[in-house]
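Chains as they are written, first to last, in the working numbering: chain A, 11 to 407; chain B, 11 to 407.
Report on one structure; see the data block that follows.
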């Protein structure tokens, strides 16, 4: 495929040696040639990494020029030295890009509690600045530089016509483990050549994250580093978007975020199934979210799907402890369009048929109808397999 | 060992065929020869099983005569038919014991969403009534009849001298999966020959559960059936306990509950480690509980312990998303007495030494000092292994 990149951005991704494996990219740089509006949504973990501390204090902002990212080390739980290291990353990148450190944003992802190897970071940042490009190869290199345990690249792109111009959005994301939905749940940068006011960009990004990155979970462990950034440099449209143009942009932003968000549990560590959970007829969206999250994070639900086992009592009981209000006697449950549970009692279904529908497909669909109100929410998670356990038992030592 | 059984109780455990394997006990009966005070603590799951509905409406009560229990089928999510089946269980047991159905309590555990095989249940109840005994063999048979995926029996006993009499407590518990700490988390019956007023028995049991069964988790999935019952028949002491006698009894009750509670994650499905989590210096007990629960239920913490990996960033970050208040810069963490993290920065420690201390022992000790207040809480969980996943992927089909 050919990705239509937004105007006025350059990208780079390089290997600087934070990751052991030769040639695997571990530093990325995204540069806007002109000052861009930047918005950010961050982890709600009380224990947040140094880069989150810096970016959160800066966004929304009107004059962003670059985002510098390293993978392989999260620079989290590293105290005052970690904060100084993140500031040094910004200074080195600013020097290399010819702008001020205050015009930069920084992201890190990887192991927690280890100090950054600053010599490698500095050399990598300089090398990245020298290899910046505005072509697809450069964008893909940057997209690869943010990955950690991901088995595949996570990118999305949209184009739309507004104000007689074509606006483009591209996004790159990472995430496969330590994914819980109390925040942005991973790293993501979205670049667009639309023009947006800072406060409006922030509102639009928050709204898009709420129905995308905040609707996924791998194991519910909220990370210290989760960050979604939106850079809007206005290179395609001079004036900030308003009215129906703004609405069209917001829809494209939601699509971009949702496309990348789904990729994260789909590529969850060891995952063999992407599970889509529709909670329908809840009394409120927050009730629907609580229930979806409880189902998504139940090890018993996730292992059942991994085993293609329509063990639906685990789904209904997870809804029951979510802290939402509903009448169990009015609940219906469908698994892959098979009615399993109706008005609080078991329905007649062929367990083997349902099991085959799970086993044969990468995607499993659960739909819980509460008949308690009008709120609906869609949520995504991965199944839980032996490979997840093997992987996470052997991660650092 | 010889278990000192309380006076005036008889026990039985039999195989009636709910479980497939020949000879494996699946029905138990506990009978008090005289009316006993009964207290109960139950699951807080909105989706609760028929037996929970009945027992919750009856306790605390003054005239309990029996508890009838089946394993292998939870009688949960079974609608009105499930409720009728639980009432039939009580009627059959009451007939067999020569008392009224209203004097009974009922518990079920096993697969959710399948109707009870009532012919087997009726035959089993009658057989159990015929084999009631007041000796250790009968008690052990009853203890076995409540088990499901447990790999070992869970019992505890205490004796204490009060009012010139010896009072005895014995408890039997089950639980290895679907263990979350929002309630009693499993099935347990404690029998004592002390005399207690119903309201006082209820208060004492609730208080004991709060620091024992409500401080454990295997995977945080709150079950539909969790029930802890206390039967106090007064056969040893005529008058209800007061003053220092009551205090001594409460201490023994807490010890009994704690001893059994610890056995549950220690025997968690596939578990190779019992993890003890001490959260110290929290601003409140509820904050300490939130943090302990988040750590206990983090798949990343649990897989790290399974892999003997001192990946402490997972522990600190779990504390951070628990919803409690503390200053990350004041936190210390010890793993098996090794100082790992001090005042918000990494401490100097030998990862290999810490790893060996985890690998070599069944028990792992985590201690998080928040330095935020005076509240302390001890919590227990199991590690998360490949065998847990294998087991739970293949449970019903």
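No residue lacks a Cβ here, since even glycine has one placed at the ideal position from N, Cα and C.
Taking 8 Å as the threshold (beta carbon to beta carbon), is residue i in contact with chain B?
i                     : result
residue 322 (chain A) : yes
residue 231 (chain A) : yes
residue 331 (chain A) : yes
residue 346 (chain A) : no
residue 402 (chain A) : yes
residue 52 (chain A)  : no
residue 261 (chain A) : no
residue 326 (chain A) : yes
residue 313 (chain A) : yes
residue 309 (chain A) : yes
residue 268 (chain A) : no
Check whether the Cβ of residue i lies closer than 8 Å to any Cβ atom in chain A.
i                     : result
residue 61 (chain B)  : no
residue 192 (chain B) : Low per-residue confidence applies at residue 192 (chain B): pLDDT is 38, beneath 50, and the placement is therefore not dependable, though the value from the model is reported in the following sentence. It does: the Cβ of residue 192 (chain B) has a partner Cβ on chain A nearer than 8 Å.
residue 122 (chain B) : yes
residue 278 (chain B) : no
residue 56 (chain B)  : yes
residue 159 (chain B) : no
residue 14 (chain B)  : no
residue 248 (chain B) : no
residue 336 (chain B) : yes
By DSSP, does residue i sit in helix, in strand, or in coil?
i                     : result
residue 393 (chain B) : coil
residue 19 (chain A)  : strand
residue 166 (chain A) : strand
residue 398 (chain B) : helix
residue 238 (chain B) : strand
residue 269 (chain B) : helix
residue 196 (chain A) : coil
residue 336 (chain A) : coil
residue 264 (chain A) : helix
residue 202 (chain A) : strand
residue 181 (chain A) : strand
residue 253 (chain A) : helix
residue 385 (chain A) : strand
residue 248 (chain A) : coil
residue 278 (chain B) : coil
Just to confirm the assignment, what range does the beta strand (DSSP E) spanning residue i have?
i                     : result
residue 41 (chain A)  : 37-52
residue 377 (chain B) : 373-379
residue 340 (chain B) : From DSSP, residue 340 (chain B) is part of no beta strand (DSSP E); its letter is neither H nor E.
residue 288 (chain B) : 284-292
Taking the alpha helix (DSSP H) that residue i falls in, what are its first and last residues?
i                     : result
residue 1 (chain B)   : This structure leaves residue 1 (chain B) out entirely; chain B is present only between 11 and 407.
residue 61 (chain B)  : 60-68
residue 127 (chain B) : Unbroken run through residue 127 (chain B): none, as it is neither H nor E.
residue 107 (chain B) : 89-107
residue 212 (chain B) : 208-220
residue 151 (chain B) : 146-155
residue 362 (chain A) : 361-369
residue 312 (chain B) : 309-316
residue 327 (chain B) : 323-330
Where DSSP assigns a beta bridge to residue i, which residues make up the other side?
i                     : result
residue 82 (chain A)  : A:120
residue 352 (chain A) : A:355
residue 176 (chain B) : B:171
residue 226 (chain B) : B:390
residue 345 (chain A) : A:348, A:376
residue 259 (chain B) : None, per the DSSP bridge assignment.
residue 29 (chain A)  : Residue 29 (chain A) is not bridged to any residue.
residue 114 (chain A) : A:76
residue 134 (chain B) : Paired residue(s): none; residue 134 (chain B) is not in a bridge.
residue 24 (chain B)  : B:37
What do you reckon, is the C-beta of residue i under 7 Å from a heavy atom of the ligand GDP?
i                     : result
residue 336 (chain B) : Looking for the ligand GDP in the displayed structure turns up nothing, as the structure carries no ligands at all.
Positions along the region 374-399 of chain B whose CB lies within less than 7 Å of some CB in chain A = 394, 395, 396, 399
Identify each residue in the region 83-95 of chain B for which the Cβ-Cβ distance to at least one residue of chain A is less than 9 Å, and report them in chain order.
-> 84, 86, 87, 88, 89, 90, 91, 92
For the region 104-135 of chain A, which residues have a beta carbon sitting closer than 8 Å to at least one beta carbon of chain B?
-> 121, 122, 123, 124, 125
What residues in the region 285-298 of chain A bring their beta carbon closer than 7 Å to a beta carbon of chain B?
-> none
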